[in-house]
Amino acid sequence: PARSPGLYTATFRGGYTLSLMVADVATGEAKEFWHTQPTERVWTGINNVRWAAEHVVFQMQMPNDEWDRYFSIKVDGAAENPIPLIRTDGMIEDATSVTYSPDGKTLYYCTNATDIERRHIWAVSTAGGEARRVSTGTGIETYPVAMGNGKNLAVIYFNAAQPASIGIVPTAGGDPKIVFPTLGKDFPKDAHVMPQTIITKAADGLEIHNTLFMPKDMRPGEKRPAMIFVHGGPQRQMMPGYHYFQFYHWAYAFNQWLADQGYIVLSINYRSGVGYGRSFRNAPNVAARGNAEYQDVLAGAHYLQTNANVDAARIGIWGLSYGGLLTSQALARNSDIFVAGVDLAGVHLYGPSLDSTNVSYSSSSISQIDKWKSPVFLVHGDDDRNVDFSQTVGLVQLLRARGIYHELVVVP
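Rendered as structure tokens:
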């Protein structure tokens, strides 16, 4: 429709009726202990159903709620409706983000509630009550596992200078105690910079959270080259510390290395990523439907251009997969801003159409190939099962035909 430019996609956002049943494993007899009213359709996306003491606990998405919630209901059938366990706003990623106490009476979960840029462990009774934060400090705690004595949790712990480690957190609350591994003497912990959170505003007014890495050896009045990092996914969130996904763990380390080498680095959490609510994650007119997220990259570039410490004539960009896609968008659309890029397994053409009036084609970087002037380093695996290798092969042919400098590494 005219009011919504781009491809039209229909998404089911309503609810449906729901019934919960319990079965006797010996007899196979099942008995319903709760159901919604026939006309009540407010429950959507039920996940991670778990028996917990006298309750069944499950994750649920409600229409018009920005966040998934956990709910609980007693299996004796006495309750009229499930009770919400998690009332604080924040992201709970998947089943690996939660664990239960040995007696099933406490739910522990990983969330960015009250600290939107990081992850911490929280706890709530499966019978309901006030949730409380368990892991304290300024690190990042993920993947909680309840230990046998019920007094401690094992977590994967990270911070700005500490890569993935196993930490122990008391269930009563406290800072994680790292138990493994011991970092080697050659690990450059002191060379790490403390990232800063920077908020930029896109052309359409949307606020975007970014992570800024500033070199330690900046001198007054000095201008440094800058790099933008754009993550893949796009349903990811970069944080001011080592990441719990393997590639982004490496990417964070590489951004730290760039800062150590004198570059100013800006990591952009563009729209359609996670961590900032459903509306942000399901932003309209992104990808092949209009490439709206590129506004967020330009907002980051504008921040760097106007930063007194940045040499605006030396801004580059790099990213993997969807980040490679946005890297190619930047070089094709704005070689006047981005003077070089590293495109790792990027998507350069949405769909088979080369019709310039097609929104998916005009949203692709190759639709702007004649504006591409900046050099690019391309890396792709020839047996990539996520992004077809042909995406890079086709781009290389177009770059060669136009005499645009590029280097290519093919990983067999």
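Positions 40 to 451 (this note's numbering) are the ones given, in order, by the sequence shown.
Even glycine gets a Cβ: it sits at the ideal position worked out from N, Cα and C.
All figures in this text were calculated on a predicted structure; none of them were measured in a lab.
Original post:
By Cβ distance, which residues of its chain are closer than 7 Å to Thr175, with the 5 residues on each side in sequence left out?
Top reply: Within the sequence shown, the letter at position 136 stands for residue 175. Its chain contains Gly212, Gly213 and Asp214 as the residues whose beta carbon lies nearer than 7 Å to that of Thr175, once the 5 sequence neighbours on both sides are disregarded; these appear in chain order.
Subject >> Endpoints, the alpha helix (DSSP H) within which Gln368 is located >> reply: As a working note, residue 368 is residue 329 in the sequence shown. Residue range Tyr361 to Arg372 is occupied by the alpha helix (DSSP H) that includes Gln368.
**OP:** Alpha carbon to alpha carbon, how far is Arg310 from His387? Give it in angstroms, no decimals.
**Re:** For the purposes of this step, residue 387 is identified with residue 348 of the sequence shown, where counting begins at 1. For the purposes of this step, residue 310 is identified with residue 271 of the sequence shown, where counting begins at 1. One C-alpha to the other measures close to 19 Å.
Subject >> Unbroken stretches of the alpha helix (DSSP H), 4 residues or longer, contained in the region 381–414 >> reply: Positions of the alpha helix (DSSP H) runs, each at least 4 residues long and wholly inside the region 381–414, are given as 398–401 in order along the chain.
Subject >> Pairwise C-alpha distance: Glu68 and Asn198 >> reply: For the purposes of this step, residue 198 is taken as residue 159 along the sequence shown, with counting starting at 1. For the purposes of this step, residue 68 is taken as residue 29 along the sequence shown, with counting starting at 1. Approximately 50 Å between the Cα atoms of the pair.
Original post:
Using the rule of at least 16 other Cβ atoms within 10 Å of the residue's Cβ for burial, across every protein chain shown, is Ser111 buried or exposed?
Top reply: Mapped onto the sequence shown, residue 111 falls at position 72. Its Cβ being crowded by 16 or more others within 10 Å, Ser111 is buried.
Original post:
Helix, strand or coil: which one does DSSP assign to Ser140?
Top reply: Here the question's residue 140 lines up with position 101 in the sequence shown. It is coil, neither helix nor strand.
Original post:
To which residues of the same chain is Asn151 closer than 7 Å at the C-beta, ignoring the five residues directly before and after it?
Top reply: Against the sequence shown, residue 151 aligns to sequence position 112. In its chain, beyond the 5 residues on either side, Gly129, Met130, Arg157, Arg158 and Gly314 have a beta carbon closer than 7 Å to the beta carbon of Asn151.
Subject >> Coil, strand or helix - Ala58 by DSSP >> reply: Along the sequence shown, read from residue 1 onward, the residue named residue 58 stands at position 19. Note that residue 58 is Ser in the sequence shown here, rather than Ala. Three-state DSSP puts Ser58 in a strand.
Subject >> The beta strand (DSSP E) enclosing Ser111, as first and last residue numbers >> reply: Numbered from its first residue, the sequence shown carries residue 111 at position 72. Residues Arg108 to Lys113.
**OP:** Kindly identify the DSSP beta-bridge partner or partners of Glu169.
**Re:** For the purposes of this step, residue 169 is taken as residue 130 along the sequence shown, with counting starting at 1. Answer is none; Glu169 lacks a bridge partner.
Original post:
Hey, Ala170 and Thr135: beta-carbon distance below 8 Å or not?
Top reply: Residue 170 sits at position 131 when you count from the first residue of the sequence shown. Residue 135 sits at position 96 when you count from the first residue of the sequence shown. Going by C-beta atoms, Ala170 is not nearer than 8 Å to Thr135.
Original post:
Under a three-way DSSP split, which group does Tyr148 fall into?
Top reply: Taking the sequence shown and counting its residues from 1, the one referred to as residue 148 is at position 109. Of the three classes helix, strand and coil, the one that applies to Tyr148 here is strand, per DSSP.
Subject >> Same chain, Cβ closer than 7 Å to Asn13, five either side skipped, listed in chain order >> reply: What is shown of the chain runs 40 to 451, which leaves residue 13 out entirely.
Original post:
Apart from the five residues on each side of it in sequence, which residues of its chain come closer than 8 Å, Cβ to Cβ, to Asp142?
Top reply: Taking the first residue of the sequence shown as position 1, residue 142 is located at position 103. The residues are Ala92 and Gly189.
Original post:
Closest to Ala379 by CA distance: which of Asp154, Ser140 and Ile443 is it?
Top reply: In the sequence shown, the residue the question calls residue 379 occupies position 340. The shortest C-alpha separation from Ala379 is found at Ile443.
**OP:** Can you grab the Cα-Cα spacing for the pair Glu105 / Ser318, in whole Å?
**Re:** As a working note, residue 105 is residue 66 in the sequence shown. As a working note, residue 318 is residue 279 in the sequence shown. A direct Cα-to-Cα measurement between Glu105 and Ser318 gives close to 7 Å.
Original post:
Hey, Gly17 and Thr236 are a contact pair by Cβ (cut 8 Å); roughly how many whole angstroms apart?
Top reply: Because the chain spans 40 through 451 in this model, residue 17 falls outside it and cannot be assessed.
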